[in-house]
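Undergrad: Protein chains in written order, with my numbering: chain V, 17 to 381; chain S, 122 to 439. Glycine residues also receive a C-beta, built at the ideal position from the N, C-alpha and C atoms. What follows is a structure written as structure tokens; I'll ask about it next.
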């Protein structure tokens, strides 16, 4: 046995952990990864027979070429930014809330109830009620998986995912039945909100952008400077540590998921009453999923989320221009987003580990 | 009676793509890797299978292309999670978004660059993948209808499920794989090549998912290309793994049961009670959520996730 052991060679490449890299090195690695992602994306563009430089140029100029284009870019950014902030709270706690999509929808449904049936209320009161309803709707939809997770350890990833689809079908139920617009002929749909129930515009874009920026500050402060924020990060690091320190882990999970879902719910209210002006089944439209990518790319830092969601909105808007100019499908945005995150995920490895090739500095302790 | 028979047959058809997705995910999870990218790998397989069929007229080439595309998706996942130890949840989710986007993108690209207004599979392939007819057997009433008249995918799916079952439970490779899934460090110490076996099984699982995707683009959509043909089936498959308690043979029945939920609305007698169609559409997801809760309450050791699932293995950290 021992002779056999001796013959086993040291592996060709092995992985070792390294001491923490400096902030600067980390940043450098991320920039390299991003550049490589752009290169890989360029290769993909080349493969379908276009010039990468020209297309990347189109994306950027498409997002900023006119006042209207910029406004449209911001319009893309609002829901993405807010829901990314929402999932960040859960992710900091290592609670895999994949359900932002459903929480957005439930927020939109609850706020739409007031928009549709109480549109005679004073404007400010109505919007406040819709805002609160959006928060409550999304929050309760987030509370459900949190309850089962904290009580029975139910897998939250799959549970929140199923809730997405259930929420989506609740909209189609309302659209085909109780909330169907009697005035519309053909395909059933929900009535357009009256002007009184629509969110006002500031600088040409709906008020939601101000709420989004305020939320960035609130979430940043909440996570960094409050007791709650500290508890979230401890639970995220280790539940046993949190328990040992006398924290009520169950309560923290429930509370954080109400907030996480609630913020996603606000997204739903803002998207339906500020951009769609009705309750459409596309109210979330995949934003809940993209938000997860954004939050992760930003390393769960609210300020970085602002920048990453801005970048992604440029990509979304730019890809719609790409479609109208070159006939390239808008799905290219999802492909590019995926490529970027793949590279960043790969780069995280080099921040924490490195490879050692056999024979080169491979001295074993 | 006849109605009920038709219902059972339709359930098998609707359950087959789920079966492939579930089997693929079981293979990956047995290696300790929860791959949430099933939806993406299925979408990639859907696109590759359809386009290969369109271009080559051959069903076998289409199957191989779908398998390879699924494997490609799984390869991205495996490199990132096994070698680079990236977070499994996030990597899988990204794969789901990326795969779906890529598949739809290529589909639209092919559509724009084709001369006709739609992409349609050639006659030769649709004939190959249509329901089989074994003279004598298929015409037996009830039994023949219930067992001998599906398309080749259905039989392939059941065959793959049985093979996976034998592989996992009755071979040395399968035993090694299960050991890795439960405790990679112990398996490594016992001399099992952890990284290699993880790669092989994650890739195999991806390939199987890819075939499930080909089913949704080639069969469910009736031979005409449609965007988003997988449409959430991959996510149900991830949940079905739990329903089937990580057993390939149970996955067969699980898939057909979920297939039944998917088509219930077309067969439920409307004379009894009218239920809005949205509730039927919700049903598979509600049932899955209930299954999740019930299995977590029961918490049996026997039917639970491989212990190391979701946690990456780093050799020098024990």
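Please name the residue or residues paired with residue 14(V) in a DSSP beta bridge.
TA: Look at the range of chain V in this structure, 17 to 381, and you will see that residue 14(V) is not part of it.
Undergrad: Do we get a CB-CB distance below 7 Å when we pair residue 207(S) with the residues of chain V?
TA: Closer than 7 Å to some Cβ of chain V, the Cβ of residue 207(S) qualifies, so yes.
Undergrad: Check whether chain S comes within 7 Å of residue 311(V), counting only Cβ atoms and requiring the distance to be less than that.
TA: No - not a single Cβ of chain S is within 7 Å of the one on residue 311(V).
Undergrad: Would residue 42(V) and residue 367(V) be called neighbours here (beta carbons separated by less than 7 Å)?
TA: Cβ atoms of residue 42(V) and residue 367(V): closer than 7 Å.
Undergrad: Please list the partners that residue 400(S) has in chain V, where partner means a Cβ-to-Cβ separation under 9 Å.
TA: In chain order: 185, 189.
Undergrad: Taking a contact to mean a Cβ-Cβ separation below 7 Å, would you say residue 212(S) touches residue 55(V) in this structure?
TA: In this structure, residue 55(V) does not lie closer than 7 Å to residue 212(S) by Cβ.
Undergrad: Quick check: the segment 139-148 of chain S against the segment 316-328 of chain S, are at least 3 beta-carbon pairs closer than 8 Å?
TA: The segment 316-328 of chain S is in contact with the segment 139-148 of chain S.
Undergrad: Taking the alpha-carbon of residue 317(V) as reference, which of 259(V), 245(V), 80(V), 69(V) has the nearest alpha-carbon?
TA: When only C-alpha atoms are compared, the closest one is 245(V).
Undergrad: Would you mind giving the Cβ-Cβ distance between residue 301(V) and residue 224(V), rounded to the nearest angstrom? I have them listed as a contact below 8 Å.
TA: The pair is not a contact, with the Cβ atoms about 15 Å apart (cut-off 8 Å).
Undergrad: In its own chain, which residues sit with a C-beta less than 6 Å from the C-beta of residue 288(S), not counting the 5 before and 5 after it?
TA: The residues are 295.
Undergrad: So if DSSP puts residue 319(V) in a beta bridge, which residue, or which two residues, is it bridged to?
TA: Partner(s): none; residue 319(V) has no beta bridge.
Undergrad: By how many angstroms is the C-alpha of residue 195(S) removed from the C-alpha of residue 378(S)?
TA: Rounded to whole angstroms, residue 378(S) to residue 195(S) spans 27 Å at the Cα level.
Undergrad: Rounded to the nearest angstrom, what separates residue 120(V) and residue 308(S) at their Cα positions?
TA: Residue 120(V) and residue 308(S): Cα-Cα distance of roughly 44 Å.
Undergrad: Hey, would you say residue 116(V) sits closer than 7 Å to residue 269(V), going by beta carbons?
TA: No, Cβ-Cβ distance for residue 116(V) and residue 269(V) is not below 7 Å.
Undergrad: Grab the span of the alpha helix (DSSP H) containing residue 363(S) for me, first residue to last.
TA: Unbroken alpha helix (DSSP H) run through residue 363(S): 354-364.
Undergrad: Whose C-beta lies closer than 7 Å to the C-beta of residue 278(S) among residues of the same chain, with five residues either side of it excluded?
TA: Cβ within range, chain order: 137, 140, 141.
Undergrad: Using a Cβ-Cβ distance cut-off of 7 Å, determine whether residue 211(S) contacts chain V.
TA: Cβ-Cβ to chain V under 7 Å: yes for residue 211(S).
Undergrad: Run through DSSP, which three-state label would residue 206(V) get?
TA: Correct three-state label for residue 206(V): strand.
Undergrad: Mind pulling the chain S residues with CB within less than 7 Å of residue 357(V)?
TA: Under the 7 Å cutoff, chain S gives 215.
Undergrad: What whole-angstrom Cβ distance do residue 454(S) and residue 181(V) have, given they're in contact under 8 Å?
TA: In this structure chain S extends from 122 to 439, so residue 454(S) is not present and cannot be described.
Undergrad: Can you tell me whether residue 290(S) is buried or exposed, with buried defined as 16 or more other CB within 10 angstroms of its CB?
TA: The residue is exposed, with fewer than 16 neighbouring Cβ atoms inside 10 Å.
Undergrad: Do you know how far the Cα of residue 156(V) is from the Cα of residue 279(V)?
TA: If I take the Cα positions, the gap works out to 11 Å.
Undergrad: Just to confirm the assignment: which complete beta strand (DSSP E) runs, minimum length 3, are found wholly within the segment 102-167 of chain V?
TA: Within the segment 102-167 of chain V, no complete beta strand (DSSP E) run reaches 3 residues.
Undergrad: Can residue 219(S) and residue 354(V) be called in contact, C-beta distance under 7 Å?
TA: Contact: yes.
Undergrad: At the 7 Å Cβ level, is residue 410(S) part of the contact set with chain V, yes or no?
TA: Yes - at least one Cβ of chain V is within 7 Å of the one on residue 410(S).
Undergrad: Mind checking who residue 196(V) pairs with in its DSSP beta bridge?
TA: Answer by DSSP bridge pairing, in chain order: 206(V).
Undergrad: Does the CB of residue 129(S) have a neighbour CB from chain V at under 7 Å?
TA: False, the Cβ-Cβ gap to chain V never drops below 7 Å.
Undergrad: Using a beta-carbon distance below 7 Å, is residue 305(S) in contact with chain V?
TA: Not one chain V Cβ lies under 7 Å of residue 305(S).
Undergrad: Determine, using beta carbons only, whether residue 67(V) comes closer than 7 Å to chain S.
TA: Not one chain S Cβ lies under 7 Å of residue 67(V).
Undergrad: Report the option in 53(V), 252(V), 296(V), 61(V) whose CA atom is closest to the CA atom of residue 335(V).
TA: Nearest C-alpha to residue 335(V): 61(V).
Undergrad: Starting from residue 215(S) and walking both ways along the alpha helix (DSSP H), at which residues does that stretch end?
TA: 209-233 is the span of the alpha helix (DSSP H), which, as asked, contains residue 215(S).
Undergrad: Is there a Cβ of chain V sitting closer than 7 Å to that of residue 138(S), yes or no?
TA: No, because no Cβ of chain V sits closer than 7 Å to the Cβ of residue 138(S).
Undergrad: Can residue 256(V) and residue 229(S) be called in contact, C-beta distance under 7 Å?
TA: The answer is no: Cβ separation not under 7 Å.
Undergrad: Mind pulling the chain V residues with CB within less than 7 Å of residue 418(S)?
TA: Per Cβ cutoff of 7 Å: 168.
Undergrad: Given a cut-off of 7 Å on the beta-carbon distance, is the pair residue 185(V) and residue 402(S) in contact?
TA: Cβ atoms of residue 185(V) and residue 402(S): closer than 7 Å.
Undergrad: Shorter than 7 Å from the beta carbon of residue 347(S) to some beta carbon of chain V?
TA: Output row for residue 347(S): interface = no.
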